[in-house]
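Numbering (this note's numbering), first residue to last: 17 to 233.
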Amino acid sequence: MGSHLAPTVTTYPRRPDAGNEEHPSDNTADALIDLIRSSTWLVRVLETVRDESLADAWVGAGVLRDLVWGERYGSGFSPARVRDVDVAFFDPHDLSRSNDDRVTEQLRTRLPGVPWEAKNQAAVHIWYPGKFGGGAVEPLKSIQDAVNTWPETATAVAVRLDADDAVEICAPLGVGDLLNGVWRRNPRRVTIAQSLTRLERHQPRTRWPGVTVIPPA
């Protein structure tokens, strides 16, 4: 669990030899960035999100897991098998569901053929209890706060490109489980029952035979 001490948001240079910038010492994060850079499709996705100038927008969750686990623990990464591209943005000024739809459509228009799914993390508390049950949840305060609630530790990671094409990583729980192929429940918001349902639906051992599944507890 030492990987959970990784910095929450870290920016890395585009190339190992970029200028005189200090190189990152976190080889685990370097490995993630190498995998991201190896996928021209994902880089194009990140460029599209950045170029739309959305409110604090990041790409994360399942698409990063699919990339890393496909390449490291499965049969390779195929964009055609990506179920959705989660875009987490933070806009406290418009909490309507139509805002999610508008942003999703913007992205579809700019880059068709990608299964975009944009969600305003500032509005999650409005619809979460109705969709997943349970009592009211506190409003999220930031993207970092939102990522920290995502269902598995391996998918509680988001990335984006800055204006200079450097990769930023938001990983409040670190990137260790993502890179090491560990399916583990994040207990902050997801119940054991919900986690078991997700485990049955995603079938990680079948999709990525090299992955280790830690039963929800």
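Virtual Cβ for every residue (Gly too), placed ideally from N, Cα, C.
- Here W143 is exposed, its C-beta having fewer than 16 other C-beta atoms within 10 Å.
- Per DSSP, the beta bridge partners of K135 are A104.
- Where R66 is concerned, the enclosing alpha helix (DSSP H) starts and stops at 56 to 67.
- Following the DSSP letters along the chain, one finds L194 inside the alpha helix (DSSP H) bounded by residues 192 to 196.
- Remark: C-beta atoms of A174 and W74 approach each other more closely than 8 angstroms.
- Between I52 and L58, the C-beta gap is smaller than 8 angstroms, which places the two residues in contact.
- Each residue's CA atom was taken as its position, placing G76 and I208 some 22 angstroms apart.
- Cα atoms of T56 and T228: separation of roughly 28 angstroms, rounded to the nearest angstrom.
- For the segment 201 to 230, the full-length alpha helix (DSSP H) segments reaching 4 residues or more read 208 to 218, 220 to 223 along the chain.
- Put simply, the backbone Cα of L195 is about 20 angstroms away from that of L62.
- Cβ-Cβ distances below 8 angstroms link G78 to V98, R99, D100, D102, T171 in the same chain, with the five nearest sequence neighbours on each side left out; the list follows chain order.
- With a beta-carbon spacing of about 7 angstroms, W224 and G197 fall inside the 8 angstroms limit used to define contacts.
- The criterion of a C-beta distance shorter than 8 angstroms is not satisfied by F106 and S69.
- Put simply, of P203, V206, A71, H218 the residue whose alpha carbon is nearest the alpha carbon of K135 is A71.
- Beta-bridge annotation (DSSP): L177 is paired with V183.
- Counted as a single uninterrupted DSSP element, the beta strand (DSSP E) harbouring V75 occupies residues 74 to 76.
- Between the alpha carbons of D193 and S114 lies a distance of about 34 angstroms.
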